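Novice: My questions all concern the structure below.
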């Protein structure tokens with residue numbers, strides 16, 4: 001009897017999952033993430049530990065994903081039973097990621113339909129299979145509780161989701177998504193793996209991600225051969241300030257990979273840099289291209305920013321933006337960074353990309 | 001209006017400070033400019049020259065609109081404080097700004113193209129300020145308590161805020177964006193070509209004020225005495241509200257809502273001048289209002305690389321403690 005007990009204890013010790021640092025790779029939690037900085041997914045058999053890092057204060061939210069009913073949840077972890085069957089997604093990027101996994105059927109709630117592009121989701125809203133909960137400032141929390149969703153995923157903007165504790169009491173686990181704070185476009189796209197693990201399609205997620213990385217890297221490699229770097233201005237004015245992607249943001253990385261000469265390439269931060277309109281004009285008046293101006297026509301840009309016409313890229317018709325199809329861009333650009341890169345190369349280096357159509361961007365008229 | 005030597009020194013000092021602040025403002029931006037570039041930008045403008053472009057399209061209009069907005073809001077505040085006999089009155093607190101915001105919101109969010117043009121936005125802002133001004137005036141005939149009137153002003157602000165929020169919820173993303181940008185307010189969007197119309201409206205508003213100087217002096221001693229002296233109170237009220245609507249609407253249309261200047265500056269001038277003479281107060285508010293906003297905007301430009309602050313946040317940062325001081329002073 002004692003011998004049996006010792007034997008099973010021995011087996012348990014050597015087969016149980018441990019951190020990858022212990023050296024036993026087969027039975028240890030292996031990190032599945034390569035590019036993302038705010039996400040860590042540790043997998044061991046059917047058990048998955050998800051660590052979501054707050055981009056500013058580096059605090060960690062820990063989740064334990066498992067299909068097993070009888071396993072114990074590690075200390076300080078929130079348990080999520082997989083596969084999740086019902087999910088509320090509060091950002092277009094989540095819809096894009098789930099669509100790549102053919103997992104839109106798990107969506108039970110979204111924000112307002114005016115922010116949605118996906119036809120399946122729009123149809124779900126029409127048929128009331130999917131509920132719309134308003135906009136982020138005015139969410140209908142009682143309706144969320146009543147929705148019987150298992151998980152709610154929201155874009156983290158620094159603070160915890162409002163009423164997260166009450167929602168968790170109602171059985172809805174809130175997960176923050178910091179994909180927009182990633183400083184590499186591939187890091188942003190890598191969040192698809194989280195969705196894959198949540199809905200039980202992790203193999204599909206990994207497979208899509210690796211093939212997309214190959215395409216991205218191939219475009220980047222081709223672009224590296226180019227010697228000319230066109231000057232690029234990005235962003236637009238909002239109130240008193242011009243907001244442009246900061247040097248450590250994923251968009252700055254896209255500009256680098258597209259061989260663009262972006263003036264604020266070396267600024268700090270993963271979000272935006274704020275500058276006066278005067279400074280931006282003084283420094284970028286002669287920029288060859290103006291990208292991401294935030295409006296769908298030149299007339300609308302001029303209305304919002306009366307001094308836009310002094311930017312040469314505006315007056316010479318070299319202003320491009322994804323705004324004509326804004327919802328499509330926000331849904332799919334995070335998960336298709338290779339298409340964003342392709343569009344940027346098509347705009348900046350037409351000699352490299354021969355085709356006329358672009359995935360997201362349009363020349364503004 | 002006899003001007004004492006002390007007052008003369010005060011006005012001269014404020015005038016000199018304003019000149020100094022104007023020079024500081026003109027040279028506060030990130031790009032270094034010379035006097036010659038300013039002069040050339042006015043009389044020998046070459047659009048290809050970036051320095052001249054910055055001078056003509058950024059520095060000069062920004063300075064002028066800061067002066068117009070500061071002076072206009074301060075004078076509006078002075079008129080409201082005398083008319084409602086309340087030191088806490090001002091176009092922002094009384095909800096006159098809210099009237100402008102509501103009409104601009106309706107214009108921008110309803111999609112009629114006329115209302116989305118420059119003239120449409122100015123007309124909407126002026127009309128909104130007029131409607132709310134006269135609404136308050138009508139209510140003031142029945143409500144004698146100045147605190148109640150201020151509360152009504154605050155409620156009007158909340159009410160219009162709620163309508164605007166509802167409008168935002170049903171508007172398209174592009175319309176919503178245009179309105180959100182407008183509400184953020186800015187002194188940077190004014191163009192050189194717009195200066196004549198801005199100055200025209202400003203001069204009209206201020207000129208009308210000069211007709212109000214004596215009646216307002218009399219109004220301070222009470223409405224009954226004003227009538228005994230043969231002045232038409234109704235006309236004084238209508239003219240005061242019209243001037244306030246023009247000056248507030250003009251500022252709101254070009255800069256968005258700017259808080260506290262209209263309340264804080266008139267109180268400061270009253271404290272400094274220790275007078276109820278509206279001739280002196282008008283001049284003081286014109287100079288001090290312009291000085292306050294020009295100096296605030298210069299500081300914003302100087303600290304921009306360290307802390308980017310919108311103009312509205314900066315005026316609230318200075319204005320709010322000032323108002324608390326005024327309230328505490330009155331309680332003593």
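Chains as they are written, first to last, in our numbering: chain E, 1 to 365; chain S, 1 to 332.
Ideal Cβ positions, reconstructed from N, Cα and C, are used throughout, including at glycine.
Quick caveat: nothing in here was measured; it's all calculated off a predicted structure.
1. Quick check: does the Cβ of residue 64(E) come within less than 7 angstroms of any heavy atom belonging to the ligand ZN?
2. So does the segment 117-134 of chain E actually touch the segment 333-350 of chain E, counting three or more Cβ pairs closer than 8 angstroms?
3. Tell whether a beta-carbon distance below 8 angstroms holds between residue 82(S) and residue 220(S).
4. How would you call residue 22(S), buried or exposed, if buried means at least 16 neighbouring beta carbons within 10 angstroms?
5. Quick one: does residue 278(E) have its CB under 8 angstroms from some CB of chain S?
6. Taking Cβ positions, are residue 54(E) and residue 40(E) nearer each other than 8 angstroms?
7. Suppose the cutoff is 7 angstroms on Cβ atoms and the five residues either side in sequence are ignored; what does the same chain contact list for residue 21(E) look like?
8. Would you mind working out which of 274(E), 281(E) and 211(E) sits nearest residue 307(S), comparing C-alpha positions?
9. Determine the closest residue to residue 65(E) out of 279(E), 255(E), 220(E) and 43(E), with distance taken between C-alpha atoms.
10. Counting beta carbon pairs with one atom in the segment 276-287 of chain S and one in the segment 66-79 of chain S, are three or more of them shorter than 8 angstroms?
11. Near residue 36(E), what residues of its chain come up, given a Cβ to Cβ distance below 7 angstroms and the 5 sequence neighbours on each side ignored?
12. Alpha carbon to alpha carbon, how far is residue 282(E) from residue 121(S)?
13. Specify the secondary structure class of residue 15(E) as computed by DSSP and reduced to three states.
14. Using a C-beta cutoff of 8 angstroms, does residue 241(E) count as contacting chain S?
15. Counting only Cβ pairs nearer than 8 angstroms, list the residues of chain E close to residue 54(S).
16. Determine, for residue 196(S), whether the minimum Cβ-Cβ distance to residues of chain E falls below 8 angstroms.
17. Closer than 8 angstroms, CB to CB, is residue 316(E) near chain S or not?
18. State the DSSP-derived secondary structure class of residue 163(E), mapped to helix, strand or coil.
19. Can you grab the Cα-Cα spacing for the pair residue 148(S) / residue 304(E), in whole Å?
20. Using the Cβ count rule (16 or more neighbours within 10 Å means buried), how would you classify residue 160(E)?
21. Tell me whether residue 220(S) sits in a helix, a strand or coil according to DSSP, three-state version.
22. Under 8 angstroms, do residue 241(S) and residue 251(S) count as touching if we go by C-beta distance?
23. Apart from the five residues on each side of it in sequence, which residues of its chain come closer than 8 angstroms, Cβ to Cβ, to residue 334(S)?
24. From residue 102(E) to residue 38(E), what distance separates their C-alpha atoms?
25. State the DSSP-derived secondary structure class of residue 245(E), mapped to helix, strand or coil.
26. Buried or exposed for residue 179(E), please, with buried defined as at least 16 other CB atoms from any protein chain shown within 10 angstroms of its CB.
27. Whole-angstrom Cβ separation of residue 260(E) and residue 229(E), contact assumed at under 8 angstroms?
28. Quick one: give me the first and last residue of the alpha helix (DSSP H) that residue 193(E) is part of.
29. Does the beta carbon of residue 268(E) come closer than 8 angstroms to any beta carbon on chain S?
30. Against residue 306(E), what residues of chain S qualify as contacts under a CB-to-CB distance less than 7 angstroms, listed in chain order?
31. Excluding sequence positions up to five away, which residues of its chain have a Cβ less than 7 angstroms from the Cβ of residue 17(S)?
32. Check this for me: beta carbons of residue 287(E) and residue 236(E), under 8 angstroms apart or not?
33. Going by the beta-carbon positions, is the gap between residue 25(S) and residue 298(S) smaller than 8 angstroms?
34. Out of curiosity, what's the CA-to-CA distance linking residue 249(S) and residue 85(S)?
35. What does residue 58(S) touch in chain E if you count any residue whose Cβ is under 8 angstroms from its own?
36. Pull the bridge partners of residue 329(E) from the DSSP assignment, please.
Specialist: Inspection of the coordinates gives the following:
1. As presented, the structure is devoid of all ligands, the ligand ZN included, so that no description of it is given.
2. no
3. yes
4. buried
5. yes
6. no
7. Its pLDDT being 43, under 50, residue 21(E) is placed unreliably by the model, and the measurement read from it follows with that caveat. Correct list: empty, nothing qualifies.
8. 274(E)
9. 43(E)
10. yes
11. 182, 187, 190 and 191
12. 29 angstroms
13. Annotation note: pLDDT 44 at residue 15(E) (below 50); position unreliable, no value reported.
14. yes
15. 278, 281 and 282
16. no
17. no
18. coil
19. 39 angstroms
20. exposed
21. coil
22. no
23. With chain S running from 1 to 332 in the structure shown, residue 334(S) is simply not present.
24. 25 angstroms
25. strand
26. buried
27. 6 angstroms
28. 192-199
29. no
30. 189 and 191
31. 291
32. no
33. yes
34. 22 angstroms
35. 277, 278, 281 and 307
36. Answer is none; residue 329(E) lacks a bridge partner.
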